[in-house]
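In this text, residue positions in the sequence shown follow this note's numbering: the first is 1, and each later residue adds one. C-beta: ideal position from N, C-alpha, C; glycine also. Computed from a prediction, not measured in an experiment: that's the story for all the values here. Reading through the structure tokens given below for one structure.
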Amino acid sequence: MADVQNVTLAGGVTVGATVDMMISPAAAYALGILGCTACMLGYKYLSPFLAQRFRIQDQCGIHNLHGLTGLISCAAGICAILAANEEVYGPSFYEIFTHRAPVEGDPKLQELQMLIPGLRPGLGRTAREQALFQVAAVFSTIGLSALGGILTGFILKLPLLAPPSDDLCFDDKLFFDVPPDYDAPLRLKHKTITEDSTA
1 MADVQNVTLA GGVTVGATVD MMISPAAAYA LGILGCTACM LGYKYLSPFL AQRFRIQDQC
61 GIHNLHGLTG LISCAAGICA ILAANEEVYG PSFYEIFTHR APVEGDPKLQ ELQMLIPGLR
121 PGLGRTAREQ ALFQVAAVFS TIGLSALGGI LTGFILKLPL LAPPSDDLCF DDKLFFDVPP
181 DYDAPLRLKH KTITEDSTA
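Here it is in structure tokens:
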């Protein structure tokens, strides 16, 4: 059931990077199908594979719901950036893609500022240049995330923190001091009440 619940969210995550861009309903539907399929297959096959082969445990399914669908969303955003042009968006194109606006001193910038008061100069990037910056952002984000995860793993495995074994990593009993017969009086009271009611 958790798989079904997560898959219902996957479509929204997948279309997230393109929500402020002009994509057709068919493209949004296709992105949703891709995201839902990737999420479902991730739960079914990828999570067990990572747990068994690499001892990587994703207890909450974050990788399947947000990681896989986020990569699809980034790829879709890059494609939408490559296809975007002023003919489709109109003058608001330069408000959405601010770095593609003309540079300071360009006559086209003055024309656009008459149509859109307050429009700031951009960097004059082409669609290809902007898409390459998006690709660089995706890979740098993945690299920083992996580095942060590795550092966190090393810190949590320090002997000082008394890490549990991988077999007991979700058992909190190791970190709490509970007397062995703490609930014995409750069990005795429950047993007495049960015997009295049946007599």
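Starting from residue i, follow the alpha helix (DSSP H) in both directions and report where the run begins and ends.
i, result
"GLN110", "107-115"
"MET40", "25-41"
"GLU104", "Careful: GLU104 lies outside any alpha helix (DSSP H) and carries neither H nor E."
"VAL4", "2-14"
"PHE93", "93-96"
"VAL88", "86-89"
When the Cα of residue i is compared with those of the options, which residue comes out closest?
i, options, result
"GLY42", "PHE54, ALA76, THR69, GLN134", "THR69"
"GLY35", "MET22, MET1, VAL7", "VAL7"
"LEU65", "PHE176, ALA10, ALA146, GLN52", "ALA10"
"LEU112", "SER47, ALA127, GLU129, GLY90", "GLY90"
"ALA127", "ILE56, PHE97, PRO159", "PHE97"
"GLY16", "ALA75, GLN5, GLY61", "ALA75"
"GLY124", "GLN5, VAL135, VAL138, PRO107", "PRO107"
"VAL4", "LEU82, LYS44, ARG53", "LYS44"
"ILE23", "ARG53, LEU50, VAL88, LEU158", "VAL88"
"LEU46", "GLY67, ALA146, ALA26, TYR29", "GLY67"
"MET21", "ILE155, PRO159, LYS157, GLU86", "GLU86"
"LEU132", "GLY143, GLN52, CYS79, ARG55", "CYS79"
Decide if residue i is buried, meaning its Cβ has at least 16 other Cβ atoms within 10 Å, or exposed.
i, result
"LEU102", "Before going further, note that residue 102 is Pro rather than Leu in the sequence given. Classification of PRO102: buried, given that the 10 Å Cβ count is 16 or more."
"TYR94", "buried"
"THR141", "exposed"
"LEU119", "buried"
"CYS39", "buried"
"GLY148", "exposed"
"LEU31", "buried"
"VAL13", "buried"
"GLN57", "exposed"
"ILE62", "exposed"
"ALA84", "buried"
"GLY153", "exposed"
Rounded C-beta distance between residue i and residue j? I'm assuming under 8 Å.
i, j, result
"ARG100", "GLN130", "6 Å"
"PRO117", "GLU104", "So it is not a contact: roughly 16 Å between Cβ atoms."
"THR37", "GLY77", "Contact flag wrong, Cβ pair sits at about 19 Å."
"ILE81", "GLN134", "6 Å"
Compute every distance between the C-beta of residue i and the non-hydrogen atoms of the ligand ADP, then say whether any falls below 6 Å.
i, result
"GLY77", "With respect to the ligand ADP, the structure shown offers nothing to examine, as it has no ligands at all."
**Report entry** Ranges of the alpha helix (DSSP H) found wholly within the region 125-170, counting only runs of at least 4
**Finding:** Counting only runs of 4 or more, we get 127-156.
Report task. Could I get the ranges of all uninterrupted alpha helix (DSSP H) runs contained in the region 40-75, with 4 residues as the minimum, in chain order? Result -> Taking only runs of at least 4 residues, the alpha helix (DSSP H) segments lying wholly in the region 40-75 are 47-54.
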